[in-house]
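Colleague: Let me give you the structure first, and then I'll get to my questions.
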Amino acid sequence: MTNARSSETYNALFRPRSIVIVGGSESKSKPGGSVLANIVDHHYKGDLYVVNPGGPVLGLPTFPSVNDVTGRPELGIIAIPAKFVAGALEELGRKGTKAVVILSAGFGEKDEQGKQEEKRLLSIAEDLGMTIIGPNCSGFMTYHYSGKFAGIIPELKPASIDFISGSGATVDLVMEQAVLRGLSFCNVVNVGNSVQIGVEDLFALYDENYEVDGSPILLLYLENLKKPGLFLKHARSLTQKGCSIIGIKSGISESGARAAASHTGAMATDDTAVEALFQKAGIIRVKSKMEMIDVACALSGARGRLTGNRACVITDAGGPGVMLTDELERQGFALPVLGDRTRERLKGILPAESSVLNPIDCLPSRTGHQMRQIFQVMREEESGRIDVIAIQVGNPGMHPNREIYREVSEAIKTCPIPIVPTLSSVSTCTKQIREFTEEGNSYFVDEVNCGFALGKVLTRPSIFDASRDIPKYDREGVAAVLEGKDRALSADNVTRVLEKAGFTFPPQATAASFDEAKKTCDAIGYPVVMKVMGPLHKSDVGGVRLGINNTAEADQAWRDLMAIHGAEGVTVQKMVEGTEVILGSSRAGNIGQLVMFGIGGIYTEVLKDVSFALAPLAEEECRRMIRSIRAYKILEGVRGQKGVSIDVLATNLARLALLVSDFPAIREMDINPLKGKGEELYVVDARIILTAKG
Numbered sequence: 000m001t002n003a004r005s006s007e008t009y010n011a012l013f014r015p016r017s018i019v020i021v022g023g024s025e026s027k028s029k030p031g032g033s034v035l036a037n038i039v040d041h042h043y044k045g046d047l048y049v050v051n052p053g054g055p056v057l058g059l060p061t062f063p064s065v066n067d068v069t070g071r072p073e074l075g076i077i078a079i080p081a082k083f084v085a086g087a088l089e090e091l092g093r094k095g096t097k098a099v100v101i102l103s104a105g106f107g108e109k110d111e112q113g114k115q116e117e118k119r120l121l122s123i124a125e126d127l128g129m130t131i132i133g134p135n136c137s138g139f140m141t142y143h144y145s146g147k148f149a150g151i152i153p154e155l156k157p158a159s160i161d162f163i164s165g166s167g168a169t170v171d172l173v174m175e176q177a178v179l180r181g182l183s184f185c186n187v188v189n190v191g192n193s194v195q196i197g198v199e200d201l202f203a204l205y206d207e208n209y210e211v212d213g214s215p216i217l218l219l220y221l222e223n224l225k226k227p228g229l230f231l232k233h234a235r236s237l238t239q240k241g242c243s244i245i246g247i248k249s250g251i252s253e254s255g256a257r258a259a260a261s262h263t264g265a266m267a268t269d270d271t272a273v274e275a276l277f278q279k280a281g282i283i284r285v286k287s288k289m290e291m292i293d294v295a296c297a298l299s300g301a302r303g304r305l306t307g308n309r310a311c312v313i314t315d316a317g318g319p320g321v322m323l324t325d326e327l328e329r330q331g332f333a334l335p336v337l338g339d340r341t342r343e344r345l346k347g348i349l350p351a352e353s354s355v356l357n358p359i360d361c362l363p364s365r366t367g368h369q370m371r372q373i374f375q376v377m378r379e380e381e382s383g384r385i386d387v388i389a390i391q392v393g394n395p396g397m398h399p400n401r402e403i404y405r406e407v408s409e410a411i412k413t414c415p416i417p418i419v420p421t422l423s424s425v426s427t428c429t430k431q432i433r434e435f436t437e438e439g440n441s442y443f444v445d446e447v448n449c450g451f452a453l454g455k456v457l458t459r460p461s462i463f464d465a466s467r468d469i470p471k472y473d474r475e476g477v478a479a480v481l482e483g484k485d486r487a488l489s490a491d492n493v494t495r496v497l498e499k500a501g502f503t504f505p506p507q508a509t510a511a512s513f514d515e516a517k518k519t520c521d522a523i524g525y526p527v528v529m530k531v532m533g534p535l536h537k538s539d540v541g542g543v544r545l546g547i548n549n550t551a552e553a554d555q556a557w558r559d560l561m562a563i564h565g566a567e568g569v570t571v572q573k574m575v576e577g578t579e580v581i582l583g584s585s586r587a588g589n590i591g592q593l594v595m596f597g598i599g600g601i602y603t604e605v606l607k608d609v610s611f612a613l614a615p616l617a618e619e620e621c622r623r624m625i626r627s628i629r630a631y632k633i634l635e636g637v638r639g640q641k642g643v644s645i646d647v648l649a650t651n652l653a654r655l656a657l658l659v660s661d662f663p664a665i666r667e668m669d670i671n672p673l674k675g676k677g678e679e680l681y682v683v684d685a686r687i688i689l690t691a692k693g
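Everything in the sequence shown is counted per numbering that gives the first Met the number 0, starting at 0 for the first residue and increasing by one.
Listed below in structure tokens is the structure:
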């Protein structure tokens, strides 16, 4: 879509100057009547027309057919029986209408005939240069008009929260709870059957016009992901523009359990791929509607992004305060002891039995005046030392909570330290909490959920530019080796590919006879390793012999290995000592190439201590992958054992990610293990599987 077309489409959908409702009526029990009433009741300021052969509707300009409508409505909303939709769509297109939202159901979600009718709608739209949302869509709401016929219709506020969804029901259920928690919405859209425009296309349109009236927080609900490349491009762009995206991807299956030729392929599930995609895009991934709302509240309170992990807890109840503190620490926050001057001033405000270290326990006797003074002290003494204040307020009944909430609300507006409140007394303080949210504040009901959501904000994914300039990486050399190859590469070709990519092997050679094997052992020097050539999974067939120290042992190893079915020879390799890790890659459908890192050797799939990311990778992403495994301390070295260089590991991960990005014909690969000590890391064993040709 060109920039001019994108801008034209965006304006027609998000801020139309004129709208025609095809099927509009005065009956709110019908979609056309309901959507019309919502647009009128929420003060749409543009020109509004109705198509209804029955006569005038709500005193608006009403026409018996689309052809009779005067002028050229920018946006059409169709709410008539399915069999009449195509005709109305074509008439709108010929009048010059650029965007149409089709509320009507009875299409592809119903039967095969409906799917064929959807193809007809698509053909009409593309022939006439139109953009259509739907069919079977609950509506399209923006700050400029409430074009939705069912469910909650909140008051829309600019620069609040936007929502792009593949499900209308999910939109309604999220908003029901979110509005109760004090969150506001601006642009809320769902795509229905997505006959032309899916969530990915809306992301592109939204991103290309983000500066017009985009919001700082964007909620996302995905069921299908047909264009992951388009989605990734624009999600990354939005994140870099300062938009915080909170996303759910449903419909995750365990297709990674299929038969695979590599350890990486066996462990790379659909869920793994989605997680890697969201990480790459900078999206905060959540698993439920309530978690989505929690993170939105945390982002709202934290003003989009936390600058550090130093938290202060303020509470009026010991137990909830402890649980909040515990969760914050689980999420990576530190609760530093407050400064000497801060503690002295707080002691002058609170009773002697109060704690002023951090958490600050105000006790149930807290008053509004005390709360105002506490916030003043924090503002004057702890700005720059504390990154977020998490406050938990109950209702002990000793002083009016309205005063407490009022002071919290004022502090949220004036304190330079972000303040995120938990207001637990939702039954006894319903009215007071509603007043709190009417001031533009959001809140948590549960303090542990608050701590968890703040952790999601603290550890939100960052955007990095992938490493391209990697020493010793010879793209042309790799291409020459892979030319004309398919399926599983031979051991020699695997070695050549990886050497051209810049990986280091211990001294090694292949042998097709025992005489060759003996000469190779003598040349390399004992101890050596001998591995069978031919079978793909050598360990599974007993095809590896370690610690061969002399000719007699080499002779016996040769005999044992050549007795294995499919044996074609052996690889003789210098014995390498040290820590074993696995580096691998597997193609995740049309999402791209997943790169895996973890503890290597024969227990890789048993321990499953691995991490994944989407190629290509920046070295910062590689270090994050390395640090995220449970056995990270082993890599650093434990109990006198020398560890491995994290920098060299990260460079090798980036090297592998660049290799599979440059050569997407690589379907699966493992380097297992990459082994050694310090900076001397060697490829001990590897396999590469290419896509079969033809």
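Backbone N, C-alpha and C define an ideal beta-carbon position, used for all residues, glycine too.
(1) Restricting to Cα atoms, I'd like to know which of 20, 269 and 194 is closest to residue 132.
(2) Starting from the Cα of residue 159, find the closest Cα among 147, 149, 178 and 151 and give me that residue.
(3) So which of 651, 691, 660 and 126 has the shortest CA-CA distance to residue 673?
(4) Indicate the three-state DSSP secondary structure (helix, strand or coil) for residue 256 in the structure shown.
(5) When the Cα atoms are used, what is the spatial distance from residue 409 to residue 362?
(6) Have a look at 217, 369, 82 and 45 and flag the residue whose alpha-carbon is nearest the alpha-carbon of residue 407.
(7) If we count the other Cβ atoms within 10 Å of its Cβ and call it buried at 16 or more, is residue 381 buried or exposed?
(8) Give the secondary structure of residue 504 by DSSP, where H, G and I count as helix, E and B as strand, and everything else as coil.
(9) Helix, strand or coil for residue 640 per DSSP?
(10) Could you tell me which uninterrupted beta strand (DSSP E) segments, each at least 3 residues in length, are contained entirely in the stretch 451-524, listed from first to last along the chain?
(11) Tell me the residue span of the beta strand (DSSP E) that contains residue 530.
(12) Excluding five sequence neighbours on each side, which residues of the same chain lie with their C-beta closer than 8 Å to the C-beta of residue 549?
(13) Pop quiz: residue 386 and residue 309 are said to be a contact at Cβ under 8 Å. What is the actual Cβ separation, rounded to whole angstroms?
(14) Kindly indicate which three-state DSSP category residue 62 falls into: helix, strand or coil?
(15) Could you pull the start and end residues of the alpha helix (DSSP H) that residue 139 belongs to?
(16) Looking at C-alpha atoms only, which residue of 356, 374, 375 and 352 is the closest neighbour of residue 364?
(17) Kindly list the residues whose CB is nearer than 7 Å to the CB of residue 360, restricted to its own chain and excluding five residues on each side of it in sequence; keep chain order.
(18) Can you list, in chain order, the residues of its chain with a C-beta nearer than 6 Å to that of residue 299? Leave out the 5 residues immediately preceding and following it.
(19) Let me know if residue 429 comes out buried or exposed under the rule of 16 or more other beta-carbons within 10 Å of its beta-carbon.
(20) Determine the extent of the alpha helix (DSSP H) in which residue 659 is found, giving its start and end residues.
(21) Look at residue 56 and residue 21 and say whether their C-beta atoms are less than 8 Å apart.
(22) Measure the alpha-carbon distance for residue 473 versus residue 619 and round it to whole angstroms.
(23) One question on the structure: do residue 532 and residue 569 come within less than 8 Å of each other, judged by their Cβ atoms?
(24) Can you tell me which of the three DSSP states residue 627 falls into?
(25) Could you tell me whether the stretch 268-277 touches the stretch 143-153, using the rule of 3 or more Cβ pairs below 8 Å?
(26) Going by the CB atoms, is the gap between residue 47 and residue 59 shorter than 8 Å?
(27) For residue 614 and residue 138, what's the separation of their Cα atoms in angstroms?
(28) Please report the straight-line C-alpha distance between residue 530 and residue 544, rounded to a whole angstrom.
(29) Check for me: the beta strand (DSSP E) holding residue 683 runs from which residue to which?
(30) Please report how far the alpha carbon of residue 471 lies from the alpha carbon of residue 499, in whole angstroms.
(31) Return the residue from the list 91, 43, 611 and 307 that minimises the CA-CA distance to residue 453.
(32) Are the stretch 222-240 and the stretch 206-213 touching, with three or more C-beta to C-beta distances below 8 Å?
(33) Would you mind stating whether residue 671 and residue 591 have Cβ atoms separated by less than 8 Å?
(34) Hey, is residue 102's beta-carbon within less than 8 Å of any beta-carbon in chain D?
(35) Please classify residue 199 as buried or exposed, where buried requires at least 16 other C-beta atoms within 10 Å of its C-beta.
(36) Take the Cβ of residue 116 as the centre, count every other Cβ of all protein chains shown within 10 Å, and call the residue buried at 16 or more, exposed below.
Modeller: Considering the structure as presented:
(1) Residue mapping note: residue 132 aligns to position 133 of the sequence shown, counting from 1. Ranking 20, 269 and 194 by CA distance to the CA of residue 132 puts 194 first.
(2) Translated into positions along the sequence shown, residue 159 becomes position 160. Residue 159 has its Cα closest to that of 178, out of 147, 149, 178 and 151.
(3) The count along the sequence shown starts at 1 and reaches residue 673 at position 674. If we check each option's Cα against that of residue 673, 651 comes out closest.
(4) Residue mapping note: residue 256 aligns to position 257 of the sequence shown, counting from 1. Only weak support exists for where residue 256 lies, its pLDDT of 40 falling under 50; the value from the coordinates is given anyway. The answer is helix: DSSP assigns residue 256 an H, G or I state.
(5) Your numbering for residue 409 matches position 410 in the sequence shown. Your numbering for residue 362 matches position 363 in the sequence shown. For residue 409 and residue 362, the distance between alpha carbons rounds to 21 Å.
(6) To locate residue 407, count along the sequence shown from 1; it is residue 408. Closest by C-alpha distance to residue 407, out of 217, 369, 82 and 45, is 369.
(7) Here residue 381 is taken as the residue at index 382 of the sequence shown, counted from 1. With 16 or more Cβ atoms within 10 Å of its Cβ, residue 381 is classed as buried.
(8) In the sequence shown, counting from the first residue as 1, residue 504 sits at position 505. The answer is coil: DSSP assigns residue 504 none of H, G, I, E or B.
(9) To locate residue 640, count along the sequence shown from 1; it is residue 641. Coil, per DSSP.
(10) 507-510
(11) Position 531 of the sequence shown, counted from the start, is the residue given in the question as residue 530. Judged by DSSP secondary structure, residue 530 falls within the beta strand (DSSP E) whose first and last residues are 527-532.
(12) Within the sequence shown, the letter at position 550 stands for residue 549. The residues are 525.
(13) Residue numbering aside, residue 386 sits at position 387 when the sequence shown is read from its first letter. Residue numbering aside, residue 309 sits at position 310 when the sequence shown is read from its first letter. About 5 Å separates the two Cβ atoms, so the contact holds.
(14) Position 63 of the sequence shown holds residue 62. DSSP places residue 62 within a strand segment (E or B) once states are collapsed to three.
(15) Stepping through the sequence shown from its first residue, residue 139 is reached at position 140. No alpha helix (DSSP H) holds residue 139; the beta strand (DSSP E) holding it covers 138-141.
(16) For the purposes of this step, residue 364 is taken as the residue at position 365 of the sequence shown. Just measuring C-alpha positions, the residue of 356, 374, 375 and 352 sitting nearest residue 364 is 352.
(17) As a working note, residue 360 is residue 361 in the sequence shown. Correct list, in chain order: 314, 317, 320, 353 and 354.
(18) Counting from 1 along the sequence shown, the entry for residue 299 is found at position 300. Cβ-Cβ distances below 6 Å link residue 299 to 441 in the same chain, with the five nearest sequence neighbours on each side left out; the list follows chain order.
(19) Looking up residue 429 in the sequence shown gives position 430. When all chains shown are included, residue 429 counts as exposed.
(20) The count along the sequence shown starts at 1 and reaches residue 659 at position 660. Looking at the DSSP string, the run of the alpha helix (DSSP H) that includes residue 659 is 645-661.
(21) Along the sequence shown, one-based indexing puts residue 56 at 57. Along the sequence shown, one-based indexing puts residue 21 at 22. Taking 8 Å as the Cβ cut-off, residue 56 and residue 21 do not qualify as a contacting pair.
(22) Reading the sequence shown from its first residue, position 474 is the one you call residue 473. Reading the sequence shown from its first residue, position 620 is the one you call residue 619. Roughly 22 Å between the two C-alpha positions.
(23) Here the question's residue 532 lines up with position 533 in the sequence shown. Here the question's residue 569 lines up with position 570 in the sequence shown. For residue 532 and residue 569, yes; Cβs fall inside 8 Å.
(24) Start at 1 with the first residue of the sequence shown, and residue 627 comes out as number 628. DSSP places residue 627 in helix when its eight states are reduced to three.
(25) Touching, no.
(26) Residue mapping note: residue 59 aligns to position 60 of the sequence shown, counting from 1. Residue mapping note: residue 47 aligns to position 48 of the sequence shown, counting from 1. For the 8 Å CB-CB criterion, residue 59 and residue 47 form a contact.
(27) To locate residue 614, count along the sequence shown from 1; it is residue 615. To locate residue 138, count along the sequence shown from 1; it is residue 139. When rounded, the distance between both Cα atoms is 37 Å.
(28) Taking the first residue of the sequence shown as 1, we reach residue 530 at position 531. Taking the first residue of the sequence shown as 1, we reach residue 544 at position 545. If I take the Cα positions, the gap works out to 6 Å.
(29) The residue labelled residue 683 in the question sits at position 684 within the sequence shown. It is not in any beta strand (DSSP E) - residue 683 carries neither H nor E in the DSSP assignment.
(30) Within the sequence shown, the letter at position 472 stands for residue 471. Within the sequence shown, the letter at position 500 stands for residue 499. Roughly 8 Å separates the two Cα atoms.
(31) Working through the sequence shown from its first residue, we reach residue 453 at position 454. It is 307 whose Cα lies nearest to the Cα of residue 453.
(32) The stretch 222-240 vs the stretch 206-213: in contact.
(33) Residue numbering aside, residue 671 sits at position 672 when the sequence shown is read from its first letter. Residue numbering aside, residue 591 sits at position 592 when the sequence shown is read from its first letter. Against a cut-off of 8 Å, the Cβ pair of residue 591 and residue 671 comes out as no contact.
(34) The structure shown has no chain D; it contains just one protein chain.
(35) Your numbering for residue 199 matches position 200 in the sequence shown. With 16 or more Cβ atoms within 10 Å of its Cβ, residue 199 is classed as buried.
(36) Along the sequence shown, one-based indexing puts residue 116 at 117. Residue 116 should be labelled buried.
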